[in-house]
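Here the structure is laid out as structure tokens; the discussion comes afterwards.
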Amino acid sequence: MRKADLIATISEKTGVAKVDVLVTLESFFEEVKDTLESGENIYIRGFGSFVIKKRAKKIGRNIKKGKSIVIPEHYIPSFKPAKVFVDSVRKKVKSLPED
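Numbering (our numbering), first residue to last: 338 to 436.
Shown next as structure tokens:
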């Protein structure tokens, strides 16, 4: 599902205009980005958490040049689904017919 499909589906289910759904979704995405950039995590009960994960410094390898390089420690955004969300997906996917 693409973002346009998501917007259309939400619009159909709620009766809210597609433009309003688009603005709301874009605002949500922007708020998630801004909050994570400021170093805060976001917890949405029953859905999941948007968190910052720290990656430790490590030695990598440039295969083309055959040299080792140092990859400095860095932070990445991550999403961890809530247990109830994971359980729901597992249950529904198991019941889907296989192709």
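Idealized CB from N, CA, C, for every residue including glycine.
Just so we're clear, the structure is a prediction, and the values are computed from it rather than from any experiment.
For residue i, the three-state DSSP class (helix, strand or coil)
i: F422; result: helix
i: F387; result: strand
i: R382; result: coil
i: I400; result: coil
i: S415; result: strand
i: R339; result: coil
Top-ranked residue by Cα proximity to residue i, from the options
i: K391; options: Y380, K404, Y412; result: Y412
i: E377; options: G383, E367, I389; result: I389
Cβ neighbour criterion (16 or more within 10 Å) applied to residue i
i: I408; result: exposed
i: V358; result: buried
Bounding residues of the beta strand (DSSP E) (the contiguous stretch that carries residue i)
i: I406; result: 404 to 408
Endpoints, the alpha helix (DSSP H) within which residue i is located
i: A284; result: As displayed, the chain neither begins before 338 nor continues past 436, which places residue 284 out of reach and without an answer.
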